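See below for the structure under consideration.
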Amino acid sequence: MIKGCIKEEDLSAFTDGELSGPKSRRVEEHLVNCLECREKLAEMKASDGLFRSFAEVEPSADFDRSFWKKVRELEDTRGKARWFRLPWGLPRPVLASGFAVLLVFALVFNKEAGQPVEKEEVFMAEHMELLNEFELIQHLDLLEDWETIKDMKENT
Numbered sequence: 333m334i335k336g337c338i339k340e341e342d343l344s345a346f347t348d349g350e351l352s353g354p355k356s357r358r359v360e361e362h363l364v365n366c367l368e369c370r371e372k373l374a375e376m377k378a379s380d381g382l383f384r385s386f387a388e389v390e391p392s393a394d395f396d397r398s399f400w401k402k403v404r405e406l407e408d409t410r411g412k413a414r415w416f417r418l419p420w421g422l423p424r425p426v427l428a429s430g431f432a433v434l435l436v437f438a439l440v441f442n443k444e445a446g447q448p449v450e451k452e453e454v455f456m457a458e459h460m461e462l463l464n465e466f467e468l469i470q471h472l473d474l475l476e477d478w479e480t481i482k483d484m485k486e487n488t
């Protein structure tokens with residue numbers, strides 16, 4: 333559609349007789365001068381006529397009763413929903429037992445958690461770079477005489 337033409341929604345409302353008086357008159361005046369909008373209106377009227385030619389589908393007499401029965405069944409199943417749904421479908425006692433076993437293992441194997449850190453461990457943590465290169469260092473013959481190296485360092 334060209335800029336300034338009537339919107340499709342307004343043409344549809346005009347076809348259905350839903351526009352107010354002034355708006356309806358404005359559409360009529362525009363249609364006199366605009367071939368494109370007249371063609372669009374003709375298409376809409378043809379489609380509307382086609383839809384109106386279809387027979388209206390009536391639900392079965394039992395539809396209302398069966399629909400509300402299904403709604404009540406869904407409400408009943410949701411009403412019974414547990415506050416905590418298990419994703420694996422395991423019964424609660426099995427899940428609780430599994431968590432209890434994990435807790436016992438955590439407590440037994442983590443008994444060192446509250447003990448103080450030894451000086452050796454602090455030293456290793458401070459010199460982690462040296463420990464990471466231990467394979468390289470352990471084969472160096474120079475390091476066998478640590479005291480000599482230390483004295484050399486102090487003398488320089």
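In terms of the working numbering, the sequence shown opens at residue 333 and continues consecutively.
For each residue, glycine too, the CB sits at the ideal point set by N, CA and C.
Model, not experiment: these values are computed from the prediction.
C-beta atoms of residue i and residue j nearer than 9 Å
i	j	result
Lys372	Glu340	yes
Extent of the continuous alpha helix (DSSP H) to which residue i belongs
i	result
Lys339	Premise fails: Lys339 is in no alpha helix (DSSP H) and is neither H nor E.
Glu350	Taken as a continuous stretch (DSSP letters only), Glu350 belongs to no alpha helix (DSSP H), as it is neither H nor E.
Glu458	451-458
Query raised in the report: Going along the chain, which unbroken runs of the alpha helix (DSSP H) with 4 or more residues stay wholly within the stretch 352-437?
Result: 353-365, 367-385, 395-411
Query raised in the report: Would the stretch 352-364 and the stretch 383-401 be scored as touching if the rule is three or more Cβ pairs under 8 Å?
Result: no
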